[in-house]
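First to last, the sequence lines map onto chains Z and L.
By my numbering, the letter at position 29 of the first sequence is numbered 29, and the numbering carries on one by one without gaps.
By my numbering, the letter at position 57 of the second sequence is numbered 1057, and the numbering carries on one by one without gaps.
Idealized CB from N, CA, C, for every residue including glycine.
Just so it is clear, the structure is predicted and the values come from calculations on it, not from any experiment.
Notes follow the structure.
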Amino acid sequence: DSGVTQTPKHLITATGQRVTLRCSPRSGDLSVYWYQQSLDQGLQFLIQYYNGEERAKGNILERFSAQQFPDLHSELNLSSLELGDSALYFCASSTGGTGVYEQYFGPGTRLTVT
Amino acid sequence: AQKVTQAQTEISVVEKEDVTLDCVYETRDTTYYLFWYKQPPSGELVFLIRRNSFDEQNEISGRYSWNFQKSTSSFNFTITASQVVDSAVYFCALSDTDNTDKLIFGTGTRLQVFP
Chain Z
1 DSGVTQTPKH LITATGQRVT LRCSPRSGDL SVYWYQQSLD QGLQFLIQYY NGEERAKGNI
61 LERFSAQQFP DLHSELNLSS LELGDSALYF CASSTGGTGV YEQYFGPGTR LTVT
Chain L
1001 AQKVTQAQTE ISVVEKEDVT LDCVYETRDT TYYLFWYKQP PSGELVFLIR RNSFDEQNEI
1061 SGRYSWNFQK STSSFNFTIT ASQVVDSAVY FCALSDTDNT DKLIFGTGTR LQVFP
């Protein structure tokens, strides 16, 4: 158990809908990252937050947005869903700050868009 | 641009065999970090190791060992005396030290260990 929690574990929804994925980092970690794992694109970085502020953006679609709250949990919002958004979405956390630290991953949320 | 290549898509071995998973990386930075993660059939990503670009010493952890060679831009992972529980997809990843420590993953190598 990495200490990172993600809910829900599975999500099935229809095209055009909007969903919210939730992540709680390990205790004491300030950085949260979101990654998408799909058969087509592999594991791709979406976005990073550090202590409530956005730090970096990767290949995140405009239909997707995220935020990190004062209690450091994070939410990834996916809207106007398309079939191609079906994937496993991972949240990871690290101590953050300057330097590069190991990232610990949550169990993932498997999103299926029908 | 940074890139990680794991040329071996799938490897099958019989228990107790040694197996090496290859990882080749590209980066223009002189300071960077390399990682290995394991993704068992249950789906979670498990951190195995982090190595910075200034530390070329090989590392051993139980049956796992890692060989880092800057001259060939490789960071290979060897499992000695493999076991069925080692069956998983293994990902190599790279992080540089720009303003983000995002991970750039390779495509993964699926290891199947048969009894």
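Is Y49(Z) closer than 7 Å to F1047(L) when the C-beta atoms are compared?
As a first step, residue 1047(L) is located in the second sequence; it is residue number 47 there, counting from the start. As a first step, residue 49(Z) is located in the first sequence; it is residue number 49 there, counting from the start. Against a cut-off of 7 Å, the Cβ pair of Y49(Z) and F1047(L) comes out as no contact.
Terminal residues of the continuous beta strand (DSSP E) containing A92(Z)?
The sequence position of residue 92(Z) within the first sequence is 92, counting from 1. 87–94 is the extent of the beta strand (DSSP E) around A92(Z).
Taking a contact to mean a Cβ-Cβ separation below 7 Å, would you say S86(Z) touches T112(Z) in this structure?
By 1-based counting over the first sequence, the position of residue 86(Z) is 86. By 1-based counting over the first sequence, the position of residue 112(Z) is 112. A contact, by the Cβ cut-off of 7 Å.
Go to S1074(L), then tell me how far its beta strand (DSSP E) extends in each direction, as first and last residue.
The residue you call residue 1074(L) lines up with position 74 of the second sequence. Start and end: 1074–1079.
Mind pulling the beta strand (DSSP E) runs of 3 or more residues that sit fully within the stretch 1011–1066 of chain L?
1019–1021, 1024–1026, 1032–1039, 1046–1052, 1059–1061
Under 7 Å, CB to CB, which of the residues in the stretch 34–62 of chain Z have a partner in chain L?
G42, L43, F45, Q48, R55, A56, G58
Specify, as a first and last residue, the run of the beta strand (DSSP E) that I47(Z) falls within.
As a working note, residue 47(Z) is residue 47 in the first sequence. 42–50 is the span of the beta strand (DSSP E), which, as asked, contains I47(Z).
If we ignore side chains and look at the alpha-carbon of each, how far apart do T1100(L) and R55(Z) end up?
For the purposes of this step, residue 1100(L) is taken as residue 100 along the second sequence, with counting starting at 1. For the purposes of this step, residue 55(Z) is taken as residue 55 along the first sequence, with counting starting at 1. Their Cα atoms are separated by approximately 7 Å.
Alpha carbon to alpha carbon, how far is Y1033(L) from A1001(L)? Give it in angstroms, no decimals.
The sequence position of residue 1001(L) within the second sequence is 1, counting from 1. The sequence position of residue 1033(L) within the second sequence is 33, counting from 1. Going from the Cα of A1001(L) to the Cα of Y1033(L) covers about 15 Å.
Strictly by DSSP, which residues pair up with F69(Z)?
Numbered from its first residue, the first sequence carries residue 69(Z) at position 69. BP columns for F69(Z) are empty, so no partner.
Check whether the Cβ atoms of F64(Z) and L78(Z) lie closer than 7 Å to each other.
In the first sequence, the residue the question calls residue 64(Z) occupies position 64. In the first sequence, the residue the question calls residue 78(Z) occupies position 78. Against a cut-off of 7 Å, the Cβ pair of L78(Z) and F64(Z) comes out as a contact.
Anything in chain L within Cβ reach of G3(Z), meaning under 8 Å, just list it in chain order.
Against the first sequence, residue 3(Z) aligns to sequence position 3. G3(Z) does not reach chain L, its nearest Cβ partner there being about 11 Å away, counting only Cβ pairs nearer than 8 Å.
Under 7 Å, Cβ to Cβ, is there at least one residue of chain Z near Y1033(L)?
Sequence index remark: in the second sequence, residue 1033(L) carries index 33 (1-based). So yes, Y1033(L) belongs to the interface.
For the candidate residues K1038(L), V1085(L), T1080(L), V1014(L), whose alpha-carbon lies nearest to that of P1115(L)?
For the purposes of this step, residue 1115(L) is identified with residue 115 of the second sequence, where counting begins at 1. For P1115(L), the nearest C-alpha among the options comes from V1014(L).
Just the chain Z side, please: which residues come within less than 8 Å of E1044(L) by C-beta, in chain order?
Sequence index remark: in the second sequence, residue 1044(L) carries index 44 (1-based). Within 8 Å Cβ-Cβ: S2, F105, G106, P107, G108.
By the 9 Å beta-carbon criterion, what residues does the stretch 1098–1109 of chain L contribute toward chain Z?
D1098, N1099, T1100, D1101, K1102, L1103, I1104, F1105, G1106, T1107, G1108
Give me the subset of the stretch 66–87 of chain Z whose CB atoms are less than 9 Å from a CB atom of chain L, sorted by chain position.
none
Quick check on L88(Z): buried or exposed, where buried means 16 or more other Cβ atoms within 10 Å of its Cβ?
Within the first sequence, residue 88(Z) is the residue found at index 88, counting from 1. It counts as buried.
May I have the straight-line CA-CA distance separating V1113(L) from I60(Z), to the nearest angstrom?
Mapped onto the second sequence, residue 1113(L) falls at position 113. Mapped onto the first sequence, residue 60(Z) falls at position 60. Using only the alpha carbons, I get a separation of about 36 Å.
Could you check the C-alpha separation between S133(Z) and S31(Z) for me, to the nearest Å?
Only positions 1 to 114 of chain Z appear in the structure, and residue 133(Z) is not among them; the question remains open.
Can a CB atom of chain L be found closer than 7 Å to the CB of V100(Z)?
Taking the first sequence and counting its residues from 1, the one referred to as residue 100(Z) is at position 100. Yes, V100(Z) lies at the interface with chain L (some Cβ there is under 7 Å from its Cβ).
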